[in-house]
């Protein structure tokens with residue numbers, strides 16, 4: 003075949019690979035509500051009705067909200083720990099979860 007003599011500037015080459023150019027670069031500043039727990043310790047006289055010495059109930063939520071100007075991206079995640087730190091590529095982000103905690107002291 004013929005030698006390739008087409009000059010391709012580095013910016014165009016790498017833009018085609020990773021879209022690492024200004025329109026795709028964002029300020030990754032963010033504030034995140036990672037965990038919220040609201041609990042209630044049941045009074046001892048109520049707990050005794052259930053034949054226990056202590057009872058507490060709590061509602062928990064994790065990864066509830068992220069305040070950021072970055073659209074549709076979780077700034078706390080990265081593509082890799084190697085040469086791609088700070089890159090985002092098809093990452094689903096943290097899972098939001100909710101739970102109930104029941105603590106019983108016999």
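Residue numbers (the numbering used here): 3 to 108. A virtual CB, placed ideally from N, CA and C, is assigned to each residue, including glycine. Values in this document were obtained by computation on a predicted structure and should not be read as measured data.
Quiz item: Is the Cβ-Cβ distance between residue 100 and residue 41 less than 8 Å?
Solution: For the purposes of this step, residue 100 is taken as the residue at position 98 of the chain shown. For the purposes of this step, residue 41 is taken as the residue at position 39 of the chain shown. Residue 100 is not a Cβ neighbour of residue 41, given a cutoff of 8 Å.
Practice problem: Express the C-alpha separation of residue 73 and residue 14 in angstroms, rounding to a whole number. | Solution: As a working mapping, residue 14 is identified with position 12 in the chain shown. As a working mapping, residue 73 is identified with position 71 in the chain shown. Going by the C-alpha atoms only, they are around 24 Å apart.
Exercise. Give the secondary structure of residue 43 by DSSP, where H, G and I count as helix, E and B as strand, and everything else as coil.
Key: The residue labelled residue 43 in the question sits at position 41 within the chain shown. Collapsing the DSSP output to three states places residue 43 in a strand.
Quiz item: When DSSP labels each residue in this structure, what does residue 60 get in the three-state scheme?
Solution: Position 58 of the chain shown, counted from the first residue, corresponds to residue 60. Residue 60 sits in a strand when the DSSP states are folded into three classes.
Quiz prompt | residue 10 versus residue 95: straight-line alpha-carbon distance, rounded | solution = Here the question's residue 10 lines up with position 8 in the chain shown. Here the question's residue 95 lines up with position 93 in the chain shown. Between residue 10 and residue 95, the C-alpha separation is close to 35 Å.
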